[in-house]
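Inspection log for the structure reproduced underneath, given as structure tokens.
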Amino acid sequence: MSSVGKGKGGRGKATNKATSRSTRAGLQFPVGRIARFLKQGRYAERIGAGAPVYLAAVLEYLCAEVLELAGNAARDNKKTRIVPRHIQLAIRNDEELNKLMSNTTIANGGVLPNICLLYTSPSPRDLSTSRMPSSACKKKKKKKK
47 MSSVGKGKGG RGKATNKATS RSTRAGLQFP VGRIARFLKQ GRYAERIGAG
97 APVYLAAVLE YLCAEVLELA GNAARDNKKT RIVPRHIQLA IRNDEELNKL
147 MSNTTIANGG VLPNICLLYT SPSPRDLSTS RMPSSACKKK KKKKK
């Protein structure tokens, strides 16, 4: 009697191999670790099964977006390594990321290069025209409703 196809013959695919939730979701960020942090943080009494997967996907997307823009900034500066300055430039030059991280300070990030035209040396033809007011250098803020 030959046991072909069934039994413990070692043939076929092993189905009891453990796969992580990150692998099942197709993510690089650790879903299990995020689930543990959500539970330990006591953000809610109960945490659903989909919540850590969704949060891991959002965090992975934001990280990929920032890293792509920072890599572009590093390449623009002819560097091969991303430093905090490149992350700062990437975030502040992107409108949506800048809004998201508006209250964030990046250590060793510096500031965006911005020279007000008021303080540059005027050319002879500019002397005849009136000078700009000091408010011309400031960015206009939208009023909150």
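Following the numbering used here, the numbering of the sequence shown begins with 47 at its first residue and continues without gaps. Where is the CB? At the ideal position from N, CA and C, for every residue including glycine. Small disclaimer: the values here were computed from a predicted structure and weren't measured.
Just checking my contact of residue i with residue j at CB under 8 Å: how many whole Å lie between their CB atoms?
i: A136; j: V112; result: 6 Å
i: A81; j: P98; result: 4 Å
Let me know the secondary structure DSSP gives residue i once reduced to three states.
i: T69; result: helix
i: E106; result: helix
i: Q86; result: helix
i: R138; result: helix
i: K78; result: Looking at the sequence provided, one finds Gly at residue 78 rather than Lys. G78: helix per DSSP, three-state reduction.
i: A116; result: helix
i: R131; result: helix
i: P159; result: coil
i: N123; result: coil
i: K63; result: coil
i: P224; result: The displayed coordinates of the chain run from 47 to 191. Any statement about residue 224 would go beyond what the structure contains.
When we look at the beta-carbon of residue i and count the other beta-carbons within 10 Å, is it buried (16 or more) or exposed?
i: I161; result: exposed
i: Q195; result: Outside the displayed range of the chain (47 to 191) lies residue 195, so it cannot be described from this structure.
i: A64; result: exposed
i: A153; result: exposed
Using 7 Å as the threshold, is the C-beta distance between residue i and residue j below it?
i: A202; j: L73; result: In the structure displayed, the chain extends from 47 to 191; residue 202 sits before or after that span and is not available.
i: G78; j: R67; result: yes
i: G96; j: R131; result: no
i: L105; j: F75; result: yes
i: I133; j: A116; result: yes
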